[in-house]
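1 is the number of the first residue of the sequence shown in UniProt numbering; add one for each residue after it.
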Amino acid sequence: MSKREDLAGRTVVVTGASSGFGRGTALKLGELGAHVVVAARRPDVLDEVVAQITDSGGTALAVPTDVSDADAVERLATAAEDRFGHIDVWVNNAAVGVMGLFWEIPLADHARLVDVDLKGMMTGAHVALRRFVDRGEGVLVNVSSVAGEVPLAYQASYASVKAGITSLGRSLNEELRLAGLHETIKVGTILPWAADTPWWDHVGNYTGHAPRLAAMDDPDIVVDAIVDACVDPQQEQPVGPKARGSHASHRLFKELTERFSGKLSESEIGKGTPAPDTSGALHEPIAEGTEVHGDTRERMVMEDGERRP
């Protein structure tokens, strides 16, 4: 078990902190006494997160940031240092998504996803690791997905960048080992299963149906894994039984697992209520979806009930 009490007084930067895993992680870190620097595109929502942390006795700073902008990410790090002196932990969590057949999704949407989810992750890693190397210590936590291990139909670009993030973590840990820095600078990669967060409200969607996926996890288990990784990072950490099971299954039964994953994605998409095409929050943030938990599982129960005779 990680020593969460060690987080007290440490400065932790969390990107994508306005909802979902990021918001949950920021709130939990605040409860544990960390100095929390929250970043996302929605300033008003970040202010709410800071207020929630300070109301519970914690310390937090909001820095509105689009992680696809390298200069903005550098300003985020500088703001954290100006306020708290240095950065101990950097949580790369910001992500957008888009669903649909790859060739039916506008290329601009694929490009934007890569800019945020992969380029943004690499920028955050670069900004953080430069500082960690200078100080001789630090923890980088990258939130990837089990979709980076098991290809996910109808989310080709998302699965691709998540595979890249997982590979990035492996390469960074190897470079730190070769540089003799691996004992004090760690990179951990979190691999969740699909979880019921507002991500499903924000996702670009070209499937013709409301987005959904079977057997979603509660986001709290992912939040707990991220918080633990801030003090005890694992090179790759599948979160929950479904993520661990699919991760192991793909290693043992690659073709079978991929076919099952594809069929599951296809069957679930057809169960959603009809929905118009949308780019969601890919290019601009939207007001909806500001909590840790989403309501997709509740909607799925209603959709499934309406289909029963």
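The beta carbon of each residue, even a glycine, is placed where N, CA and C say it ideally should be.
Which of helix, strand or coil DSSP assigns to G20:
Within the sequence shown, numbered from 1, the residue matching residue 20 stands at position 20. Correct three-state label for G20: helix.
Can at least three beta-carbon pairs, one atom from the region 145 to 161 and one from the region 169 to 177, be found at a separation below 8 Å?
no
Please return the same chain residues whose Cβ sits closer than 8 Å to the Cβ of L264, not counting the five positions on each side in sequence.
The residue you call residue 264 lines up with position 264 of the sequence shown. So the list reads L213 and A214, once near-sequence residues are dropped.
Reducing DSSP to helix, strand and coil, say where E236 ends up.
In the sequence shown, residue 236 corresponds to position 236, counting from 1. In this structure, E236 counts as strand in the three-state DSSP scheme.
Pairs of beta-carbons, one from the region 253 to 262 and one from the region 17 to 36, closer than 8 Å: are there three or more?
no
Let's test the definition: count the other Cβ atoms within 10 Å of the Cβ of residue 332 and tell me whether it reaches 16, buried, or not, exposed.
As shown, the chain starts at 1 and ends at 309. That puts residue 332 outside it, with no answer to give.
Local conformation of I87 per DSSP, three classes
As a first step, residue 87 must be located in the sequence shown, where it is residue number 87. In the three-state reduction of the DSSP assignment, I87 falls in the coil class.
Helix or strand or just coil, what does DSSP make of K186?
Residue mapping note: residue 186 aligns to position 186 of the sequence shown, counting from 1. In this structure, K186 counts as strand in the three-state DSSP scheme.
Which runs of the alpha helix (DSSP H) spanning at least 4 residues fall entirely within the UniProt region "Disordered" (262 to 309), listed in chain order?
296 to 307
How would you label M300, buried or exposed, when you count the other beta carbons within 10 angstroms and need 16 or more for buried?
Here residue 300 refers to the residue found at position 300 when the sequence shown is read from its first residue. Its Cβ being crowded by 16 or more others within 10 Å, M300 is buried.
The alpha helix (DSSP H) with E202 in it runs from where to where?
Residue numbering aside, residue 202 sits at position 202 when the sequence shown is read from its first letter. The identity of residue 202 in the sequence shown is His, whereas the question assumes Glu. Under the DSSP assignment, H202 falls in the alpha helix (DSSP H) whose first and last residues are W199 to H202.
Excluding the 5 residues preceding and the 5 following G9 in the sequence, name in chain order all residues of the same chain whose CB lies nearer than 6 Å to its CB.
Taking the sequence shown and counting its residues from 1, one reaches residue 9 at position 9. Same-chain partners within the cutoff: there are none.
Going by DSSP, which residues form a beta bridge with N142?
For the purposes of this step, residue 142 is identified with residue 142 of the sequence shown, where counting begins at 1. Its beta-bridge partners are N92 and T189.
Rounded to the nearest angstrom, what separates E284 and G208 at their Cα positions?
Position 284 of the sequence shown, counted from the start, is the residue given in the question as residue 284. Position 208 of the sequence shown, counted from the start, is the residue given in the question as residue 208. Going by the C-alpha atoms only, they are around 21 Å apart.
Measure the CB-CB distance between V141 and P219 and report whether it falls below 8 Å.
Start at 1 with the first residue of the sequence shown, and residue 141 comes out as number 141. Start at 1 with the first residue of the sequence shown, and residue 219 comes out as number 219. Going by C-beta atoms, V141 is not nearer than 8 Å to P219.
How do the region 40 to 58 and the region 187 to 200 stand: do at least 3 beta-carbon pairs fall below 8 Å, yes or no?
no
Cβ distance (whole Å) where residue 357 is taken to contact T15 below 8 Å:
In the structure as shown, the chain starts at 1 and stops at 309, and residue 357 therefore has no counterpart that could be examined.
Return the bridge partner residues of A195 from the DSSP annotation.
In the sequence shown, residue 195 corresponds to position 195, counting from 1. Listed as beta-bridge partners of A195 by DSSP are D217.
Between the C-alpha atoms of S160 and A70, what's the straight-line distance to the nearest angstrom?
Numbered from its first residue, the sequence shown carries residue 160 at position 160. Numbered from its first residue, the sequence shown carries residue 70 at position 70. Straight-line Cα distance between these residues: approximately 21 Å.
To which residues of the same chain is M1 closer than 7 Å at the C-beta, ignoring the five residues directly before and after it?
By 1-based counting over the sequence shown, the position of residue 1 is 1. At M1 the pLDDT is 47, less than 50, meaning the model places this residue with poor confidence; the figure from the coordinates comes in the next sentence. For M1, where only same-chain residues beyond five positions count, there are no Cβ hits under 7 Å.
Pair every Cβ in the region 276 to 283 with every Cβ in the region 108 to 119, then say whether three or more of these pairs are closer than 8 Å.
yes
Tell me the DSSP secondary structure of A34 in three-state form.
What you label residue 34 is simply residue 34 of the sequence shown in a count that begins at 1. A34 falls in the coil class under three-state DSSP.
Out of A51, T54, G24 and L76, which has the shortest C-alpha to C-alpha gap to L39?
If you number the sequence shown from 1, residue 39 lands on position 39. The residue asked about is misnamed: residue 39 is Ala in this sequence, not Leu. For A39, the nearest C-alpha among the options comes from L76.
Taking 8 Å as the threshold (C-beta atoms), are A229 and G188 in contact?
Taking the first residue of the sequence shown as position 1, residue 188 is located at position 188. Taking the first residue of the sequence shown as position 1, residue 229 is located at position 229. Yes.
Give me, in chain order, the residues of the same chain whose beta-carbon lies closer than 6 Å to that of A210; leave out the 5 immediate sequence neighbours on both sides.
As a working mapping, residue 210 is identified with position 210 in the sequence shown. Sequence-distant Cβ neighbours of A210 in its own chain, meaning closer than 6 Å and more than five residues away, are G272, T273 and A275.
In chain order, what residues of the same chain have a beta carbon less than 6 Å from the beta carbon of T166, not counting five sequence neighbours either side?
For this step, residue 166 is matched to residue 166 along the sequence shown. Cβ neighbours of T166 beyond the five flanking positions: S144, G148 and T189.
From L256, L191 and L46, pick the residue whose C-alpha is nearest to that of V223; which is it?
Position 223 of the sequence shown, counting from 1, holds the residue named residue 223. Measuring from the Cα of V223, the nearest candidate turns out to be L191.
Residues in the same chain with beta-carbon distance under 7 Å from G30, minus the five sequence neighbours each way, listed in chain order, please.
Against the sequence shown, residue 30 aligns to sequence position 30. V36, I53, S56, G58 and A60, listed in sequence order.
Which stretch, first to last residue, makes up the alpha helix (DSSP H) that contains V127?
Sequence index remark: in the sequence shown, residue 127 carries index 127 (1-based). Counted as a single uninterrupted DSSP element, the alpha helix (DSSP H) harbouring V127 occupies residues G120 to R135.
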